[in-house]
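Residue numbers (the working numbering), protein chains in the order written: chain A, 10 to 340; chain B, 10 to 340; chain C, 603 to 828; chain D, 603 to 828.
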Amino acid sequence: MKKFVNKPEDFVPEFMAGVLAANPDLLEGDLEFQMVKRKDRPVDNKVSIVQGSGSGHEPAHVMAVGPGMLDGACQGPVFAAPPVDACYETIKALATPAGVLVLVNNYQGDRMAWDTAVELAQAEDIKVEQFWINDDVAVKDSLYTVGRRGVAGNFFVMKACGAAAEEGKSLEEVMAIAEKVNNNVRTMGVALTSCIPPAKGTPIFDIADDEMEVGVGIHGEPGRERAKITNADDITKTLFDAVADDLPFNDGDRVALMVNGLGGTPPAELYVLYNKAAKLCEERGLTIARNYVGEYCTSLEMAGASITMLKLDADLEKYLDAPAETATRIF
Amino acid sequence: MKKFVNKPEDFVPEFMAGVLAANPDLLEGDLEFQMVKRKDRPVDNKVSIVQGSGSGHEPAHVMAVGPGMLDGACQGPVFAAPPVDACYETIKALATPAGVLVLVNNYQGDRMAWDTAVELAQAEDIKVEQFWINDDVAVKDSLYTVGRRGVAGNFFVMKACGAAAEEGKSLEEVMAIAEKVNNNVRTMGVALTSCIPPAKGTPIFDIADDEMEVGVGIHGEPGRERAKITNADDITKTLFDAVADDLPFNDGDRVALMVNGLGGTPPAELYVLYNKAAKLCEERGLTIARNYVGEYCTSLEMAGASITMLKLDADLEKYLDAPAETATRIF
Amino acid sequence: MATISLNTIEKGIDTTADTVIRNESYFSDLDGLAGDGDFGTSLATGFKVIKKDLPEIDKPDIGAMLLKLSMIVSKHVGGSSGPIWGTGFMKAALPSKGKTDLSLTEFAAMIGNAVDGIMARGGAQLGDKTLLDALIPVSEKLKEHAASGTDDLSAVLRDCAEIADKAVDETRKLVAHRGRASQVGERSADTPDPGIVAIATILADWCKANGVDYAPNAAEVQKASA
Amino acid sequence: MATISLNTIEKGIDTTADTVIRNESYFSDLDGLAGDGDFGTSLATGFKVIKKDLPEIDKPDIGAMLLKLSMIVSKHVGGSSGPIWGTGFMKAALPSKGKTDLSLTEFAAMIGNAVDGIMARGGAQLGDKTLLDALIPVSEKLKEHAASGTDDLSAVLRDCAEIADKAVDETRKLVAHRGRASQVGERSADTPDPGIVAIATILADWCKANGVDYAPNAAEVQKASA
Ligand SMILES: Nc1ncnc2c1ncn2[C@@H]1O[C@H](COP(=O)(O)OP(=O)(O)O)[C@@H](O)[C@H]1O
Ligand SMILES: Nc1ncnc2c1ncn2[C@@H]1O[C@H](COP(=O)(O)OP(=O)(O)O)[C@@H](O)[C@H]1O
Ligand SMILES: [Mg+2]
Ligand SMILES: [Mg+2]
Ligand SMILES: [Mg+2]
Ligand SMILES: [Mg+2]
């Protein structure tokens, strides 16, 4: 197994301990519940934004905690939903009179866990609501899911809600923003290789040397088709068209464009994809108001990428521009 | 080839076009010379910091251009030094009365190219000096090199010199800072897999499923030994001890600690390594004043990581803390 | 009229814990045939805590006891079973709040509420090859008996055990549509659903514990019941 | 006393361009034996520009002409050869600045300066199996002849061609320590160094162009010279 791992069962708590150790001023955590939170939150007059899902998608989710983003997050084992009690404790730890908004990626396991935790918390009079993110255009329904999957578009929901909450918006207002982003964001990904969950020790799917999985899910779920690998421009066009046609995005729209690496693809290749995607935007008369190239939602060490596009209005653009800070940083 | 590539010979210009397209406000470039520079530089009263080396190490080098970091950079083909004229044109484009400092990673090809370019520029009365970075403790001398290699420690030299130049320091002063950082920074890396240069189309070295190359160079050069893969903690200790013993770092020192991914290793694994490295710092009585976990100097899609440690003084700490901005960003 | 007391329910939970703990590896083996092989371990982890804590926890009424059990299950049971069983206990707790005795009608309503909650939680329907294929007919049968006004709780329990037992074989040929077993698609046909086996075994063991004579038919339930 | 004019040097450069362009693929093939196979192409790319531009460029003096050639080489030649040959021309340019004729002593000093520059640039020494194993003895021989006060430039050229030619076979068994060929270590033994072959071939071709009778010995130089 070509991975840096100690005991597979310690992989998640150890990487989380690393995240906490690397951000002592920003974060604190409770590793019993695989939970991380902003050290300076909750505060009474601000809606808390939380999230939690399987591990292996870093920087989503615990590494997206910070000012202007998430107030807290918890992780499950690799590719498995967090246990209900982790979700419940995370809600409780971030509970404020202004309320808690849980942003849930639309997978059955995550939904069940958060659903249960939200009800438990509500039974204790904690003000909490949840919102389901489903930006993946690849498949309408698939293994693991109930409707479309939530993938890298997740970042934009967190960013906008984080900024709105920071501005003092109410729980209902922040939920409305989550819904607006989710309605206007679309993603599709492609995998060139599989990945190896530490506890499994073997690839989660087989793929030939000249093949790619178009529309892959972030846990390796099958997508639209298994195809021969073509060149970077053709692949970009396939992903981009699937995304751009789905909403659809129209001539004159201002957009945010993301090229997200799935974990094993190096920076230079992502910029080759961005170079083509930017041209495709121009061809459709779309103005890129803001762009994102890097790793936002990975699938362990899978080689591959996804393209996400968000249709903007003045409000959303303002929220994307707002300052934010997370465990992931350069300097 | 599990890569996003069009024609292999277009790989470098296309990714650079992507970097420019993604940073229209920050950067401008001249792709004839595979060169990128800050849009707002040079200015008369500031020393320009430039760098250039082979491609495949992104974000080094062109993606490290920005306020508080490099003023300009040029790239060669994948893993090959930039041509002399690219180096020369980069110096010329950033020339200022305050001078240009070229930070050269210590490889024979890079040294020869920059050496020649610097002499050509000096012959035209451009004020320019160069400094050779050699932080890799793995081998004293190796294939491709003349003395120790320059690897991820490069980041700290750029950061400190960038901040010092921004502060208005003279060319001589900035060079002294480069030297101080270089004297106090050490790195060692490990590779779990090889990587595939697009033009070559095959791995640059063979490595068995249960093997790792300890002390690998960023072009896949052999290191200290070919060993069986052990667990993350043991690997971290091997790298860390090699780094910490070399200077040596002493009880009570304040340090900057970097865990750098080589391209194919996902974020979670880097934090597993950081978690252990932070403990090893504590055991040695080293205080981590600032930390860095992510991709700073890659080797295409190689799975692997390196550990870099810089011994700090008040001056260097101030320079690391100073604001900076590059093509690589999160938001 | 016959009522079901807090104490009876507490004893039923204790019996359930024995059943689950005893079958830890067998239930996981069954899950391994088409799923990810964690069902037995996940459930047993939670019920070991229940077995230990049950005597000590505050039991002012049935609802309070079940809510506490719901918290234990949610906290300690992983996979789909955590939310599913946790929800079952939580939804059972609501209508039994403040009560220490339940009429059969009230008991049937409590089970019905748990079943509705599980359906809402996981989106599964009758025929999706989940434990609901046992629980839904059991719940219907309870309502039927309650409507009939019967006092023969032993007969009611026997009927329920029989219905759940039948579900094991009736659903064997189906393809799973929920949970990890759904990922292997057709490969899940011809294997029994471990959730259904668990419900049938629990009911068979309740019969035994209450002196009700019932011999299970499904091979897996025979093997799993004490 | 015999002098070497700007015009002679210009013709020598032109002959060199012909040699390099004609051997584009052969020199690359030789580099491919132990190196990365780009030597012929890299060098030819630069000398094609020189061949084309040489008649037109300003030639106020030898130094100015060589500096211009240095710029062309630096701009158009990749790999190690760019800095090495570019440096050679640049360092040759400095002592010949402002001069249109060179005495043999001045010519030898010019070549010596170029050789020193190449050594400083790439860090290679005699015996590292690079073109310096031809250039260093050639440079020494030139100084020797200059010291002797000879007027027989034909004999001097013949001597130089012979020394470079010998270097091909004398270094064949060595292991390369510089450039890409050094990466294959022992594998580079038993292959000729393409840089040495190039220098020897250029000198053999200069003999021919200047009517000096010299028949090369090394197989590769025989093959490469016109
Ligand atoms: N959505 C669902 N609704 C109701 N029961 C379900 C659902 N999904 C799975 N189950 C039941 O849970 C059992 C498996 O539990 P477990 O192994 O803990 O879950 P997982 O499938 O996540 O590994 C199945 O045998 C089935 O009876
Ligand atoms: N450091 C050096 N100093 C002098 N000559 C060198 C050096 N390195 C290589 N050479 C010469 O250059 C030739 C190879 O040139 P080229 O193929 O362009 O370079 P590279 O080795 O970078 O591919 C070698 O045959 C050798 O004669
Ligand atoms: Mg299971
Ligand atoms: Mg499971
Ligand atoms: Mg070569
Ligand atoms: Mg070369």
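Glycine included, C-beta positions come from ideal geometry on N, C-alpha and C.
Taking each of A/D218, A/L103 and A/G63 in turn and checking the Cα distance to A/G75, the smallest one comes out for A/L103. Considering only beta carbons, the part of the stretch 258–284 of chain A lying closer than 7 Å to chain B consists of G272, G273, T274, P275, P276, A277, E278, Y280, V281, L282, Y283 and N284, in chain order.
Under the DSSP assignment, A/R235 falls in the beta strand (DSSP E) whose first and last residues are E234 to K237.
Taking a C-beta cut-off of 9 Å against chain A, the contacting residues of the stretch 659–682 of chain C are L669, S672, M673, V675, S676, K677, H678, V679, G680, G681 and S682, listed in chain order. The three-state reading of DSSP puts C/E708 in helix, counting H, G and I together. When B/D255, B/P91, B/D250 and B/L289 are compared, the shortest CA-CA separation from B/L40 is found for B/P91.
Not one heavy atom of ligand 5 sits closer than 7 Å to the Cβ of D/D730. Residue-level contact check: A/Q117 touches chain C, since one or more beta carbons of chain C fall below 8 Å from its beta carbon. For B/Y301, there is no enclosing alpha helix (DSSP H); the residue is found in the beta strand (DSSP E) stretching over T296 to G303. B/M72 and B/G63 have their alpha carbons spaced roughly 13 Å apart. As the crow flies, the alpha-carbon of D/I798 is around 30 Å from that of B/G61.
Runs of the alpha helix (DSSP H) lying entirely within the stretch 55–136 of chain B, each at least 4 residues long, are 93–103 and 117–132 in chain order. Checking the DSSP bridge columns, you'll see A/A200 partnered with A/E222 and A/G313.
Taking a 10 Å sphere around the C-beta of A/P106, we find fewer than 16 other C-beta atoms and assign the residue as exposed.
Ligand 2 has no heavy atom closer than 7 Å to the beta-carbon of B/S64.
In the displayed model, A/S308 falls within a strand according to three-state DSSP.
Non-local beta-carbon contacts of D/A748 in its own chain, meaning distances under 7 Å to residues more than five positions away in sequence, involve L706, T707 and A710 in chain order.
Annotation: the continuous beta strand (DSSP E) that includes C/T605 extends over T605 to S607.
For D/K693, the closest C-alpha among the options D/G684, D/A766, D/L668 and D/D703 is that of D/L668.
Any Cβ of chain D closer than 8 Å to the Cβ of B/A122 would place that residue at the interface, and such an atom is present. If you look at B/N192, you'll find it in the alpha helix (DSSP H) that goes L180 to N193. Following the DSSP letters along the chain, one finds A/L266 inside the beta strand (DSSP E) bounded by residues R263 to G270.
By the neighbour-count criterion, in which 16 or more other beta carbons inside 10 Å mark a residue as buried, C/D807 falls on the buried side.
C-alpha of C/R723 to C-alpha of A/V87: approximately 22 Å in a straight line. Below 8 Å, enough C-beta pairs join the stretch 287–307 of chain A and the stretch 256–269 of chain A to call them touching: three or more.
Counting of Cβ neighbours within 10 angstroms places C/V770 among the buried residues, the total reaching 16 or more.
D/R789 sits exposed, since fewer than 16 C-beta atoms from the chains shown fall within 10 Å of its C-beta. Residues of the stretch 234–255 of chain B whose Cβ lies closer than 7 Å to any Cβ of chain A, in chain order: N240, A241, D242 and I244. Ranked by Cα distance from A/Q84, the first of A/E182, A/D53, A/G118 and A/F42 is A/F42. With its beta carbon less than 8 Å from one in chain B, D/G684 belongs to the interface. Neighbourhood of B/V137 in chain D, by CB distance below 8 Å: empty, with the nearest CB roughly 15 Å away. Nearest Cα to D/E612 within the set D/N715, D/P657, D/G648 and D/R780: D/P657. A heavy atom of ligand 2 is found nearer than 7 Å to the CB of D/D640.
Within the stretch 709–738 of chain D, the residues whose Cβ lies closer than 7 Å to some Cβ of chain B are R723, G724 and G725, listed in chain order. Cβ-Cβ distances below 8 Å link D/A828 to D620, T621, R624, D807 and K810 in the same chain, with the five nearest sequence neighbours on each side left out; the list follows chain order.
When the alpha-carbon of A/G27 is set against those of B/E310, B/F340, B/H66 and B/D242, the nearest one is in B/D242.
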